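>
Number of protein chains: 2
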Amino acid sequence: MTRIACRQLAPRIGDLPFNRELSAAAIRDAAGADVIVLPELVTSGYMFASPAEAAAVAVRPDHPLFAEWAAAAGDAVVIGGFCERGDDGLLYNSAAVVDRGGVRAVYRKTHLWDAEKSVFTPGDRPPPVVRTSAGPIGVLICYDLEFPEMTRLLALGGAHLIAAPVNWPLVERPPGERPPETVIAMAAARVNRTFIACCDRAGTERGQEWTLGTAIISPDGQVLAEAGEGAQATADVDLLLARSKALNSRNDVLADRRPDLYSPLLHRRAPS
Amino acid sequence: MTRIACRQLAPRIGDLPFNRELSAAAIRDAAGADVIVLPELVTSGYMFASPAEAAAVAVRPDHPLFAEWAAAAGDAVVIGGFCERGDDGLLYNSAAVVDRGGVRAVYRKTHLWDAEKSVFTPGDRPPPVVRTSAGPIGVLICYDLEFPEMTRLLALGGAHLIAAPVNWPLVERPPGERPPETVIAMAAARVNRTFIACCDRAGTERGQEWTLGTAIISPDGQVLAEAGEGAQATADVDLLLARSKALNSRNDVLADRRPDLYSPLLHRRAPS
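Chains as they are written, first to last, in UniProt numbering: chain R, 1 to 272; chain F, 1 to 272.
1) Taking the continuous alpha helix (DSSP H) assigned at Leu16 (chain F), which residues delimit it?
2) Measure the Cβ-Cβ separation of Ala70 (chain F) and Ile36 (chain F) and say whether it is below 8 Å.
3) Is the beta carbon of Glu40 (chain F) sitting closer than 8 Å to the one on Gly81 (chain F)?
4) Of all the CB atoms in chain R, is at least one closer than 8 Å to the CB of Trp113 (chain F)?
5) Are the beta-carbon atoms of Leu265 (chain R) and Gly32 (chain F) separated by less than 8 Å?
6) Identify which residue in R:Ser94, R:Gly101, R:Cys83 has its Cα closest to the Cα of Gly74 (chain R).
7) For a test of the three-state rule: what should DSSP assign to Asp260 (chain F), helix, strand or coil?
8) Chain R partners of Arg268 (chain F), CB-CB under 7 Å?
9) Using only the heavy atoms of the ligand NAP, determine whether one of them is closer than 7 Å to the beta carbon of Lys109 (chain R).
10) Grab the span of the alpha helix (DSSP H) containing Thr182 (chain F) for me, first residue to last.
11) Does any residue of chain F have a CB that is nearer than 8 Å to the CB of Met150 (chain R)?
12) Return the CA-CA distance between Arg243 (chain R) and Pro148 (chain R), expressed in angstroms with no decimal places.
13) Roughly how many angstroms separate the alpha carbons of residue 283 (chain R) and Gly123 (chain R), rounded to a whole number?
14) Between the beta-carbon of Val78 (chain F) and the beta-carbon of Ile27 (chain F), is there less than 8 Å?
15) For Ala233 (chain F) versus Thr214 (chain F), is the C-beta distance shorter than 8 Å?
16) If I'm right that Gly203 (chain F) touches Ala10 (chain F) with Cβ under 8 Å, what's the distance once you round it to whole angstroms?
17) Measuring straight from C-alpha to C-alpha, what distance separates Ile4 (chain R) and Asp144 (chain R)?
18) Only counting runs of 4 or more residues, tell me where the alpha helix (DSSP H) segments fall wholly within the segment 151 to 236 of chain F, in order along the chain.
19) List the residues of chain R whose Cβ lies closer than 7 Å to the Cβ of Val139 (chain F), in chain order.
20) With a threshold of 16 other CB atoms inside 10 Å of the CB of Lys117 (chain F), please say whether the residue is buried or exposed.
21) Here's the rule I'm using: 16 or more other beta-carbon atoms within 10 Å means buried, otherwise exposed. How should Glu172 (chain R) be labelled?
22) Since Val130 (chain R) and Val97 (chain R) are thought to touch, with beta carbons under 8 Å apart, how far apart are those beta carbons, to the nearest angstrom?
23) According to DSSP, simplified to helix, strand and coil, what is Glu84 (chain R)?
24) Comparing the C-beta of Gln8 (chain F) with each C-beta of chain R, is any distance below 8 Å?
25) Between which two residues does the alpha helix (DSSP H) carrying Val98 (chain R) extend?
26) How would you label Asp88 (chain F), buried or exposed, when you count the other beta carbons within 10 angstroms and need 16 or more for buried?
27) Tell me, please, which residues DSSP counts as bridged to Thr2 (chain R).
28) Give, in chain order, every residue of the segment 232 to 249 of chain F whose Cβ lies closer than 7 Å to some Cβ of chain R.
29) For Leu261 (chain R), decide whether its Cβ has a neighbour in chain F, counting only Cβ atoms nearer than 8 Å.
30) Less than 8 Å between the CB atoms is what I'm expecting for Ala164 (chain R) and Ile141 (chain R), so what's the real figure, rounded?
31) Would you kindly check if the distance between the Cβ of Lys245 (chain F) and the Cβ of Val237 (chain F) is under 8 Å?
32) Once the 5 residues before and after Gln208 (chain R) are set aside, which same chain residues still bring their CB inside 7 Å of it?
33) Using DSSP with H/G/I as helix, E/B as strand and the rest coil, what is Asp252 (chain R)?
34) Mind checking if Glu146 (chain F) is an interface residue toward chain R, Cβ cutoff 8 Å exclusive?
35) Once you ignore the five residues that flank Leu224 (chain R) on each side, which residues in its own chain have a CB closer than 6 Å to its CB?
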């Protein structure tokens, strides 16, 4: 079994030292977990007033905070969001995959949300599937999840778990309904028969409230665990279940695809 | 405003005369609706014991029952499933789009479910977007909906509404949760900002129960109307809302796509 833990933290905007200790402590607290997911931009906060404010807390993947994550992680794999300064001088909304060996991969969010477009440059590489001690883990960040192409390509790339640091701004929804982002993640898990672990953030920041949508989702599309403000969602799962894509003896969510039928049409950019 | 009606009928297996009258009566009953959606295989029933049984009730698109649908429809557009005999002699699980002008389009289900594979040949054409009096309508059938590529290509093709005749076998789900197929349709509506109208069937057939999952879903991914056994779900909607793909002033669910990033990867057939 693999224990997945998502810690719904409340970072402080622009306070790198605070967030560095907050995230390392959360990883230590999750001792016993095999995979630990932290929120998007957990090292920096989200509601930047300007690119300069983001630049002031941007770090490179060789920053010592990642060595702290690795040390705190023990045998676990950590996936957490950070504000990245690229070697090109540009800022990226990124996620690092860290284990005992250090930073294993960095993914730069490819679909930027709203005001992020004023601060960050979108990544130009597809999301990685990282072979970890817990199995193959794919990485997405927040709004990326709303593109079924992204979850699909990670499933096709062999991911058993999609780990998604998110910051989901609270939006209106009918009473009794799940947050729309959760519904999208549940559907993505089910149509790809992968686990998905979304780690949302907590704490009102510059007036912005969050959905508190942290959820660990099974390949059936069911929510196995959620978390309150500042709390941890934990689920013990058999990630190998995501290796089989079969729905029954004759249906398989990937083998049943008809790529020759849709690929030419999916390349379009706008309604015809 | 456009009135969408989905009639959750219970056809009788192998009884073409009964189903012909049942479906025509449902269309007449829906007078005042602009778009009427009927279940998958409404002319034939679903639980065929053999291909021969299906062949016995298979019809061509020039069968008089479609003229009856057209006459009953008045100014409305009807989308309903039927067991099609192709000019090639093969059987298809198809849906017809019918209006005052007759059969406007036939779509052959491209993703077959379970025992359908013993009876039907999968279609080899992408689903159509039909320009109707109510606006552009895309067509899918049941399991097709579980392929996000299909809903996406209909949105890219300009569909404001995706009409989906379905027969959803009842599957277990946690208490308080929506059927997984509905969750998938809600997500598909939201990530494409299209309306989706799923018309399920009713009536136990050869021991098979159905989800009764008929649902009309908004571009926000919310269920606007559902239906009980044999009943009609009805919603009055502004289909033009689906023309805008904007989520805010800087995000658009189609324009934000990165086809150059994912297209090469989506062509894969199985996990790498």
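All C-beta atoms in this analysis are idealised placements derived from N, C-alpha and C, irrespective of residue type, glycine included.
In this text the structure is predicted, and so the values were computed from the model without any measurement.
Taking the definition as stated:
1) In the second sequence, the residue the question calls residue 16 (chain F) occupies position 16. From DSSP, the alpha helix (DSSP H) with Leu16 (chain F) extends over 16 to 29.
2) Working through the second sequence from its first residue, we reach residue 70 (chain F) at position 70. Working through the second sequence from its first residue, we reach residue 36 (chain F) at position 36. It is not a contact, given that the beta carbons lie outside the stated cut-off.
3) As a position in the second sequence, residue 40 (chain F) is number 40, starting the count at 1. As a position in the second sequence, residue 81 (chain F) is number 81, starting the count at 1. In contact: Glu40 (chain F) and Gly81 (chain F) (Cβ atoms closer than 8 Å).
4) Residue 113 (chain F) sits at position 113 when you count from the first residue of the second sequence. So, interface residue.
5) Counting from one through the first sequence, the residue named residue 265 (chain R) turns up at place 265. Counting from one through the second sequence, the residue named residue 32 (chain F) turns up at place 32. For Leu265 (chain R) and Gly32 (chain F), no; Cβs fall outside 8 Å.
6) Mapped onto the first sequence, residue 74 (chain R) falls at position 74. For the residues R:Ser94, R:Gly101, R:Cys83, the minimum Cα distance to Gly74 (chain R) belongs to R:Gly101.
7) As a position in the second sequence, residue 260 (chain F) is number 260, starting the count at 1. The answer is helix: DSSP assigns Asp260 (chain F) an H, G or I state.
8) Taking the second sequence and counting its residues from 1, the one referred to as residue 268 (chain F) is at position 268. Residues of chain R passing the Cβ test: Leu156.
9) You won't find the ligand NAP in this model; it holds no ligand whatsoever.
10) Indexing the second sequence from 1 puts residue 182 (chain F) at position 182. Where Thr182 (chain F) is concerned, the enclosing alpha helix (DSSP H) stretches over 180 to 192.
11) Residue mapping note: residue 150 (chain R) aligns to position 150 of the first sequence, counting from 1. Closer than 8 Å to some Cβ of chain F, the Cβ of Met150 (chain R) qualifies, so yes.
12) Walking along the first sequence from the start, residue 243 (chain R) turns up at place 243. Walking along the first sequence from the start, residue 148 (chain R) turns up at place 148. The straight-line gap from Cα to Cα measures roughly 19 Å.
13) Given a span of 1 to 272 for chain R in the structure shown, any question on residue 283 (chain R) remains unanswerable.
14) If you number the second sequence from 1, residue 78 (chain F) lands on position 78. If you number the second sequence from 1, residue 27 (chain F) lands on position 27. Yes, Cβ-Cβ distance for Val78 (chain F) and Ile27 (chain F) is below 8 Å.
15) Here residue 233 (chain F) refers to the residue found at position 233 of the second sequence. Here residue 214 (chain F) refers to the residue found at position 214 of the second sequence. Yes, the Cβ-Cβ distance between Ala233 (chain F) and Thr214 (chain F) is below 8 Å.
16) Locating residue 203 (chain F) in the second sequence gives position 203, where the first residue counts as 1. Locating residue 10 (chain F) in the second sequence gives position 10, where the first residue counts as 1. Confirmed, about 3 Å.
17) For this step, residue 4 (chain R) is matched to residue 4 along the first sequence. For this step, residue 144 (chain R) is matched to residue 144 along the first sequence. Between Ile4 (chain R) and Asp144 (chain R), the C-alpha separation is close to 21 Å.
18) 180 to 192
19) What you label residue 139 (chain F) is simply residue 139 of the second sequence in a count that begins at 1. Within 7 Å Cβ-Cβ: nothing; Val139 (chain F) doesn't reach chain R, min ~14 Å.
20) Residue numbering aside, residue 117 (chain F) sits at position 117 when the second sequence is read from its first letter. Per the 10 Å Cβ criterion, exposed.
21) The residue given as residue 172 (chain R) occupies position 172 in the first sequence. Counting Cβ neighbours within 10 Å, Glu172 (chain R) comes out exposed, since fewer than 16 surround it.
22) Along the first sequence, one-based indexing puts residue 130 (chain R) at 130. Along the first sequence, one-based indexing puts residue 97 (chain R) at 97. About 5 Å; that satisfies the 8 Å criterion.
23) For the purposes of this step, residue 84 (chain R) is taken as residue 84 along the first sequence, with counting starting at 1. DSSP places Glu84 (chain R) in strand when its eight states are reduced to three.
24) Counted from its first residue, the second sequence places residue 8 (chain F) at position 8. Taking Cβ atoms only, chain R never reaches closer than 8 Å to Gln8 (chain F), which makes this a no.
25) As a position in the first sequence, residue 98 (chain R) is number 98, starting the count at 1. Per DSSP, Val98 (chain R) belongs to no alpha helix (DSSP H); it is in the beta strand (DSSP E), 91 to 99.
26) Taking the first residue of the second sequence as position 1, residue 88 (chain F) is located at position 88. Exposed.
27) Taking the first sequence and counting its residues from 1, one reaches residue 2 (chain R) at position 2. Per DSSP, R:Val237.
28) Asn248
29) To locate residue 261 (chain R), count along the first sequence from 1; it is residue 261. By this cut-off, Leu261 (chain R) is an interface position.
30) The residue given as residue 164 (chain R) occupies position 164 in the first sequence. The residue given as residue 141 (chain R) occupies position 141 in the first sequence. About 7 Å; that satisfies the 8 Å criterion.
31) In the second sequence, residue 237 (chain F) corresponds to position 237, counting from 1. In the second sequence, residue 245 (chain F) corresponds to position 245, counting from 1. No, the Cβ-Cβ distance between Val237 (chain F) and Lys245 (chain F) is not below 8 Å.
32) Within the first sequence, the letter at position 208 stands for residue 208 (chain R). The answer, listed in chain order, is Met47, Pro169.
33) On the first sequence, position 252 is the one that residue 252 (chain R) refers to. It is a strand residue.
34) Taking the second sequence and counting its residues from 1, the one referred to as residue 146 (chain F) is at position 146. Closer than 8 Å to some Cβ of chain R, the Cβ of Glu146 (chain F) qualifies, so yes.
35) By one-based count along the first sequence, residue 224 (chain R) stands at place 224. Hits under 6 Å: Ile216, Ser218, Ala235.
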